Amino acid sequence: MSLEILVNVAPGETRVAQVENASLQEVYLQRDSRRGVAGNIYMGRVQRVLPGMQAAFIEIGLARTAFLHASDIVRQHGEDTIEAPGIQQLLADGDNVLVQVVKEPIGSKGARLTTELSIPSRFLVLMPHNEQVAVSARIEDTDERERLIEVVTRLKTQMEMPGGFIVRTVGEGAEPHALAADMRFLARLWESINEQARTAQPATLVHGDLPLVTRMIRDLLSPAVERIRIDDAEAWQETVDFARRFVPEMVERIERYTGAAPIFDLFGVEDEIERALQSTVPLKSGGSLVIEQTEAMTTVDVNTAGFVGSRNLDETILRTNLEAAQTLARQLRLRNLGGLIIVDFIDMTLEADRQQVLRMLEKALAQDSARSTIYPISPLGLVEMTRKRTRDSLEHQLCETCPSCGGRGSVKTPETVCHEIFRDILRSARQFEAREILLLASPDVVAVLLDEQAEALAELSATIDRPIRLQAESLYQQANFDVVLM
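Just so we're aligned: the sequence shown equals residues 1 to 486 in UniProt numbering.
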């Protein structure tokens, strides 16, 4: 497996692309005008407690108030009651509370918060309010899991470290001295956060996560990464300095990119991002995926399109569905689609084929850092799945609602607009006196009025007994028009 990380730094925007076997897998984006807040720690102030929802709205200084559920509030040490206390016993309006953002604001929803703070480093995550030692589920080797738990537990006791620790996936194979260095760093950082929290004003940032480039190096860098190429001298130097401190063995793999072509032209990254904003994804076999993102869920439809196979229909359908499962897993990562996802694979008559497609989908999603849950194929032939959503999708980050269709995904045809115009002219002529009617409309609509609808327009003019003058306005959208009484 060939794995590279490409970093593009431009004024006001930084992008990181993860490329595997010359194929774009994930894109991370940070803009100065809208920096991410996940992982940030704030001194929040309780704005409103909602007993019916067992939650509270917390002011942390963002555009929208954030949301804190009772289940995300740390219980007091030593509390052993079976029944969890209600939100009213935990918080009151006006209280100050130290919170961390676990989910970015998405759409109209504010950020999701927790008081169970987690502070990551290279190999470990410090949980200041939890004494447990655990290992990432993505480290599957039983012997290695036991070794890591033993080493971290022993170091925690010897160094008298507060809190609990989770060994991250990149911690697999880490030596004790490296884990100890991480623990010392996290202890110093937590002490600094505590000190700042004691004097922090409500609704202010106490501790911010790392900038995108160094954060991606921390989270994505592993022995599997062959090299990191960065097209900005300052960002390259900062990354090298960060790597020397935490992963000195990887410094030689960090390169300053000075090629003539833009760095995202390598491996066709720029084109891949553009295609990821389209709803239709072509398959090599000739079939396609149609991906539609809505507020409630994401739907995926698998089509055979031009692929007819070489043997029989069942084989054609199975091959298309297997390819679709692999492509879908990559598209979910690339587009960062989360929440409820409904996949309509092509109907399969054999149970063995259905199970093979599900196994392929599970295998393809195994490398995804976001946790997914896949359910069996329903009686209607649909696969329901969920994927953890922690930030906006690529489309929501790069696009906005179409001003012409208002987000419906379609616009009225020129013919439809013509008939609306006829009704509006007739209504206005009956209500008001005028010598003539001036119609302002888009060039496409005016062209239809002068061609296919010319007879209808003449008939309308005779009906209202007034001339109708047309004026094409290039700045008008197709559905826009104005009827002016002269």
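Ideal Cβ positions, reconstructed from N, Cα and C, are used throughout, including at glycine. Predicted model only: the values in this text are computed from it and were never measured.
Cα-Cα separation, residue i to residue j
{"i": "residue 269", "j": "residue 483", "result": "47 Å"}
{"i": "residue 133", "j": "residue 392", "result": "31 Å"}
{"i": "residue 213", "j": "residue 239", "result": "7 Å"}
{"i": "residue 478", "j": "residue 428", "result": "21 Å"}
{"i": "residue 398", "j": "residue 70", "result": "34 Å"}
{"i": "residue 140", "j": "residue 2", "result": "22 Å"}
{"i": "residue 369", "j": "residue 415", "result": "49 Å"}
{"i": "residue 218", "j": "residue 243", "result": "8 Å"}
{"i": "residue 94", "j": "residue 45", "result": "6 Å"}
{"i": "residue 465", "j": "residue 485", "result": "13 Å"}
{"i": "residue 467", "j": "residue 409", "result": "36 Å"}
{"i": "residue 228", "j": "residue 63", "result": "35 Å"}
{"i": "residue 102", "j": "residue 38", "result": "5 Å"}
{"i": "residue 474", "j": "residue 445", "result": "11 Å"}
{"i": "residue 185", "j": "residue 403", "result": "50 Å"}
{"i": "residue 472", "j": "residue 329", "result": "47 Å"}
{"i": "residue 487", "j": "residue 128", "result": "A question about residue 487 goes unanswered here, because the residues of the chain that appear run from 1 up to 486."}
{"i": "residue 296", "j": "residue 265", "result": "34 Å"}
{"i": "residue 78", "j": "residue 245", "result": "Below a pLDDT of 50, predicted positions are generally treated as unreliable, and residue 78, at 47, falls in that range; no measurement from the model is reported."}
Of the listed residues the options, nearest to residue i (C-alpha basis)
{"i": "residue 487", "options": "356, 266, 312 and 313", "result": "Absent from the model: residue 487. The displayed extent of the chain is 1 to 486, so no value can be given."}
{"i": "residue 417", "options": "384, 361 and 443", "result": "443"}
{"i": "residue 40", "options": "98, 55 and 91", "result": "98"}
{"i": "residue 280", "options": "319, 317 and 324", "result": "324"}
{"i": "residue 34", "options": "231, 385, 222 and 106", "result": "106"}
{"i": "residue 381", "options": "412, 405 and 354", "result": "354"}
{"i": "residue 92", "options": "123, 168, 118 and 57", "result": "57"}
{"i": "residue 175", "options": "394, 259, 411 and 155", "result": "155"}
{"i": "residue 253", "options": "32, 316, 230 and 419", "result": "230"}
{"i": "residue 234", "options": "255, 246, 163 and 226", "result": "255"}
{"i": "residue 386", "options": "423, 395 and 298", "result": "298"}
{"i": "residue 425", "options": "413, 407, 469 and 28", "result": "469"}
{"i": "residue 181", "options": "202, 345, 7 and 151", "result": "151"}
Residue i: first and last residue of the uninterrupted beta strand (DSSP E) it sits in
{"i": "residue 238", "result": "No beta strand (DSSP E) holds residue 238; the alpha helix (DSSP H) holding it covers 233-246."}
{"i": "residue 204", "result": "204-207"}
{"i": "residue 37", "result": "First-last for residue 37: undefined, no H or E at that position."}
{"i": "residue 97", "result": "96-103"}
{"i": "residue 256", "result": "254-256"}
{"i": "residue 281", "result": "280-282"}
{"i": "residue 64", "result": "Neither: residue 64 is in no beta strand (DSSP E) and is coded neither H nor E."}
Start and end residues, alpha helix (DSSP H) containing residue i
{"i": "residue 216", "result": "212-220"}
{"i": "residue 321", "result": "313-335"}
{"i": "residue 457", "result": "454-464"}
{"i": "residue 433", "result": "Looking at the DSSP string, residue 433 is not in any alpha helix (DSSP H), and its letter there is neither H nor E."}
{"i": "residue 269", "result": "269-275"}
Paired residues, beta bridge with residue i - DSSP
{"i": "residue 482", "result": "440"}
{"i": "residue 7", "result": "16 and 230"}
{"i": "residue 303", "result": "288"}
{"i": "residue 121", "result": "Answer is none; residue 121 lacks a bridge partner."}
{"i": "residue 298", "result": "293 and 341"}
{"i": "residue 49", "result": "56"}
{"i": "residue 225", "result": "3"}
{"i": "residue 44", "result": "97"}
{"i": "residue 471", "result": "440"}
Short CB-CB distance (under 9 Å) between residue i and chain D
{"i": "residue 418", "result": "Chain labels in this structure do not include chain D; a single protein chain is all it has."}
Closer than 8 Å: residue i CB and nearest the ligand MN heavy atom
{"i": "residue 16", "result": "The ligand MN is not among the ligands present in this structure, which contains no ligands whatsoever."}
Self-check item: Contained alpha helix (DSSP H) runs [length at least 4] in the stretch 343-424, N- to C-terminal order
Solution: Within the stretch 343-424, the complete alpha helix (DSSP H) segments at least 4 residues long are 351-365 and 394-398, listed from N- to C-terminus.
Quiz prompt | Uninterrupted beta strand (DSSP E) stretches inside the stretch 125-204 (no shorter than 3 residues) | solution = Correct list: 133-135 and 164-167.
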